[in-house]
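S.K.:
Residue numbers (our numbering): 1 to 332.
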């Protein structure tokens, strides 16, 4: 099969931004884009995203019929067997199944749903892998909540219902948490004009509230790092999500400086690094999923998820990155 014959798209979004990724069958990044939008309900976000996706396809010369599908990475959890979806409270309208169905049908193509922490882990493993990362990676996803995702021995790890690797229970909802949304709310309470994650970056260098938050959040994340080391034993733990890269780097620096004890005798804490992809990782990882579902399901391992409103998800093997692959992509 020719790599330029088939394509897949990935999408992730917050209230004020949409991230797209477009891949060909060989895993080359054909296009990626971050688009600022006005704060609006999820259905309006879907309409804006569908319009922007059509423009991206046209700009890259990709006909609609060559697109095998799209995966949407969202802050969601799955019910028993992966058959139902519960969205994060920041998008309360998506809790209604009828609204969720309208959201999905806006795009007029096969849609896969996945938790944004898991797609970010997949994106980091395929497109952001660093020397020494190996094939087992855990990503702490700091965004609307404190999420996570893991790739173990090259395979995305889902669990029985698709809800594995969620560290948020370590940080009760009624207390300060190391989430991106918590930082947004902290800055709003201090009087800063922050509405979404993208508004944080200009404040980083001259904002004592951010420094205080980083100190507190890094101490909390250190607990998660020790827990992940004990439960999953990955080669590396990545701090990523929707926060600016400079904040992720400072969180990592603080965690590395702590004299952390491993989870058991003779066990060192897993090395920690900052994500190289940031918010784009979720869209890149999501774009991999339709290609795996369509062409590489022979690599599937473990639990095969049932369809949610005629849209499927599958646990699939992630092939190794090719040493001869292009700089802008990876061979699937």
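Here a beta-carbon is modelled for each residue, glycine too, at the ideal position from N, C-alpha and C.
(1) In angstroms with no decimal places, state the Cα-to-Cα distance between residue 6 and residue 71.
(2) Measuring CA to CA, which of 42, 99, 30 and 48 is closest to residue 66?
(3) For residue 267, is the classification buried or exposed, using 16 other Cβ atoms within 10 angstroms of its Cβ as the cut-off for buried?
(4) Would the beta-carbon of residue 25 fall within 8 Å of that of residue 231?
(5) Does the structure place the region 117–125 close enough to the region 138–158 that three or more beta carbon pairs sit under 8 Å?
(6) Can you tell me which of the three DSSP states residue 164 falls into?
(7) How big is the Cα-Cα spacing for residue 216 and residue 143?
(8) Suppose the cutoff is 7 Å on Cβ atoms and the five residues either side in sequence are ignored; what does the same chain contact list for residue 327 look like?
(9) Between the region 284–292 and the region 124–134, can you find at least three pairs of beta-carbon atoms closer than 8 Å?
(10) When you compare only the Cα positions, how much space is there between residue 210 and residue 63?
(11) Cα separation between residue 35 and residue 244?
(12) Three or more C-beta pairs under 8 Å: does that hold for the region 251–270 against the region 76–90?
(13) Could you give the DSSP three-state label for residue 143: helix, strand or coil?
(14) Closer than 8 Å is the cut-off here; do at least three beta carbon pairs connect the region 193–204 with the region 217–236?
(15) Report the CB separation of residue 180 from residue 240 in whole angstroms; it is logged as a contact under 8 Å.
(16) Would you list the one or two residues that DSSP bridges to residue 29?
(17) Kindly indicate the opening and closing residues of the beta strand (DSSP E) around residue 69.
(18) Does DSSP put residue 127 in a helix, a strand or coil?
(19) Can you find the residues in the same chain that come closer than 7 Å, C-beta to C-beta, to residue 250, ignoring five residues on each side of it along the sequence?
(20) Mind pulling the beta strand (DSSP E) runs of 3 or more residues that sit fully within the region 76–110?
(21) Are there three or more Cβ pairs, one per stretch, closer than 8 Å when the region 98–109 is compared with the region 38–47?
(22) Can you list, in chain order, the residues of its chain with a C-beta nearer than 7 Å to that of residue 186? Leave out the 5 residues immediately preceding and following it.
(23) How close, in whole Å, do the beta carbons of residue 14 and residue 242 come, if the pair is a contact with beta carbons under 8 Å?
(24) If you reduce the DSSP assignment to three classes, tell me which class residue 240 lands in.
(25) Identify whether residue 12 lies in helix, strand or coil by the three-state DSSP scheme.
M.R.: Concretely, from the data shown:
(1) 15 Å
(2) 30
(3) exposed
(4) no
(5) yes
(6) coil
(7) 16 Å
(8) With a pLDDT of only 32 at residue 327, under the threshold of 50, the placement of this residue in the model should not be trusted; the figure read from the coordinates follows. Answer for residue 327: no residue qualifies.
(9) yes
(10) 45 Å
(11) 16 Å
(12) no
(13) coil
(14) no
(15) About 10 Å; that fails the 8 Å criterion.
(16) 23
(17) 67–74
(18) helix
(19) 214
(20) 76–78 and 85–87
(21) yes
(22) 209 and 213
(23) 6 Å
(24) strand
(25) strand
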